[in-house]
Structures are given as structure tokens and as C-alpha cells.
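Contents: one structure, followed by commentary.
Residue numbers (my numbering): 2 to 144.
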């Protein structure tokens, strides 16, 4: 996934790059951009020696982006399903009626999805430090 941006600040080999979100991005919110603001700032290692004002090309490998998406959406979804199914059948095995089993399943689903988000949050710093999830400056773009 390639993007273009403009370096707005450089400090100790780290560049802050202003990127404009494209309409193709949709409104998933993964980049934390509000609907009224189409700009976001990425902090990346300045591997190309860019200076403030330089236009640069930035890459985040598609497979790494998809894996990060799987972590953020797939794991909680799996947790929800496991909680719903597990809670329902556990309640039925304990002899609860249908309505109460469904309520227990809903609570169990919400509990397990919450636990999965907490587990992801606890591992967030380790994931952020993995180089494969960091965008990389590819080159300075000449106008």
C-alpha cells in the first residue's frame, strides 16, 4: 500500500509526514481520521534523508496491513463467536431455559470480546515495536 505525503517536521532521524486520506479509504476509522478532517500525521524513520517540505512516498506492505487488520478485527470477532456459542451451550448444559441461555450467551460473548480487546491492548506496545507494522519512507518525490 503506497501513499504520498509531505514531511512537516524532522527530529533525530524521525520524520512527521502529513498524509491526505483518499476517498477509496472509506470510513473504517483505522487511520483515526475524522470525516471532517482528511489529513493524518504519520511518524516514521527518516530513511531517505528528507527535510521539511519534501514530498515523500510511504509504503506499508499490504500483507502486514491485512495482518494488523486481522489482529484488530478478527480476534475480537472470533472471541465474540466463541463467547456466544460457549455461553449458550454451557447454560443449556446447566439446565437453564432457552431465554436465559440466550441472555447468558450474550453476556458471555460481550465478556470474551472485551477480554480479547484488553489482550490486544496489553500487547499493543510490543506490536507497535515490530518493524513489519511500521510504514517506511521509500523515496523523495520530485514535483
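The beta-carbon is built from N, C-alpha and C at its ideal position, and this holds for glycine as well.
- Task: Would you kindly work out how many angstroms separate the C-alpha atoms of residue 19 and residue 43, rounded to a whole number?
- Result: So the two alpha carbons sit approximately 7 Å from each other.
- Message: So, at 7 Å on beta carbons, what are the nonlocal neighbours of residue 25 in its own chain, with the 5 sequence-adjacent residues on each side left out?
- Response: Only weak support is given to the placement of residue 25: the predicted model assigns it a pLDDT of 49, under 50, and the value that follows is read from those uncertain coordinates. Excluding sequence neighbours, residue 25 sits near nothing in its chain.
- Message: Going by the DSSP bridge assignment, what does residue 17 pair with across the sheet?
- Response: 10 and 44
- Message: Just to confirm, is the Cβ distance from residue 51 to residue 57 under 8 Å?
- Response: yes
- Over the uninterrupted beta strand (DSSP E) stretch that includes residue 141, give me the two end residues. 137-142
- Leaving out five residues before and five after residue 16 in sequence, what residues of the same chain have Cβ atoms less than 8 Å from its Cβ? The beta carbon of residue 16 lies closer than 8 Å to those of 8, 10, 44, 45, 46, 47, 51, 57 and 138 in the same chain, with the five residues before and after it left out.
- For residue 111, three-class secondary structure by DSSP: In the structure shown, residue 111 sits in a helix (DSSP, three-state: H, G or I).
- Task: Could you check how far apart the C-beta atoms of residue 80 and residue 108 are, in whole angstroms? I think they sit under 8 Å.
- Result: Their Cβ separation, rounded to whole angstroms, is 13 Å, which puts residue 80 and residue 108 out of contact at 8 Å.
- Could you check what DSSP says for residue 86 in three-state terms: helix, strand or coil? helix
- Message: Which same chain residues end up closer than 8 Å to residue 3 when comparing Cβ atoms and leaving out the 5 residues on each side of it in sequence?
- Response: 58, 59, 60 and 139
- residue 56: first and last residue of the uninterrupted alpha helix (DSSP H) it sits in: No alpha helix (DSSP H) contains residue 56, which is instead part of the beta strand (DSSP E) from 56-60.
- Task: Starting from residue 128, trace the alpha helix (DSSP H) both ways and give me its first and last residue.
- Result: 125-129
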